[in-house]
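The sequence shown begins at 185 in my numbering and counts up one residue at a time. The beta carbon of each residue, even a glycine, is placed where N, CA and C say it ideally should be. The structure displayed is predicted, hence computed values, not measured ones. Here's the structure we're looking at; comments come further down.
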Amino acid sequence: MSYLIKWDKKALIFLNKLDKDIAKRIFDKIEKSKENPNYFYNTLSNSTASKLRVGDYRVIADISYTTQEIHILLIGHRKNVYD
């Protein structure tokens, strides 16, 4: 069963500002993760959110297993996405 992807406005704005090739890699990885988010996402320590690694970038998301939704909260470079 495929999960529904919901996007936060800040994540979409950041994705649109990125180079097209990088943005496509991130988008494709998020789409691929819909089938089995547990395989792709790791839980952040001291948080209920999860992270997805795509090269030097990280996708921070909230995964709801009851409603089968992945809410993309934030996308950023690994050096400052956790600030």
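Close beta carbons around residue i, own chain, < 7 Å, minus the five adjacent residues each side
| i | result |
| --- | --- |
| His-261 | Asp-240, Tyr-241 |
| Pro-221 | Tyr-187, Ile-247, Ile-254 |
Alpha carbon of residue i to alpha carbon of residue j, nearest angstrom
| i | j | result |
| --- | --- | --- |
| Phe-211 | Ser-229 | 24 Å |
| Tyr-249 | Ala-195 | 21 Å |
| Val-243 | Glu-219 | 17 Å |
| Ala-233 | Ile-206 | 23 Å |
| Val-238 | Met-185 | 23 Å |
| Leu-236 | Lys-190 | 15 Å |
| Ser-231 | Leu-257 | 13 Å |
| Ile-197 | Ile-259 | 9 Å |
| Leu-202 | Arg-209 | 11 Å |
Simplified DSSP state of residue i, which is helix, strand or coil
| i | result |
| --- | --- |
| Lys-190 | strand |
| Leu-228 | coil |
| Tyr-223 | helix |
| Asn-323 | Residue 323 is absent from the model: the chain starts at 185 and stops at 267. |
Extent of the continuous beta strand (DSSP E) run through residue i
| i | result |
| --- | --- |
| Lys-235 | 234-238 |
According to DSSP, residues forming a beta bridge with residue i
| i | result |
| --- | --- |
| Val-243 | Leu-236, Ile-259 |
| Glu-253 | Leu-188, Ser-248 |
N-terminal and C-terminal residue of the alpha helix (DSSP H) that residue i is part of
| i | result |
| --- | --- |
| Glu-215 | 204-216 |
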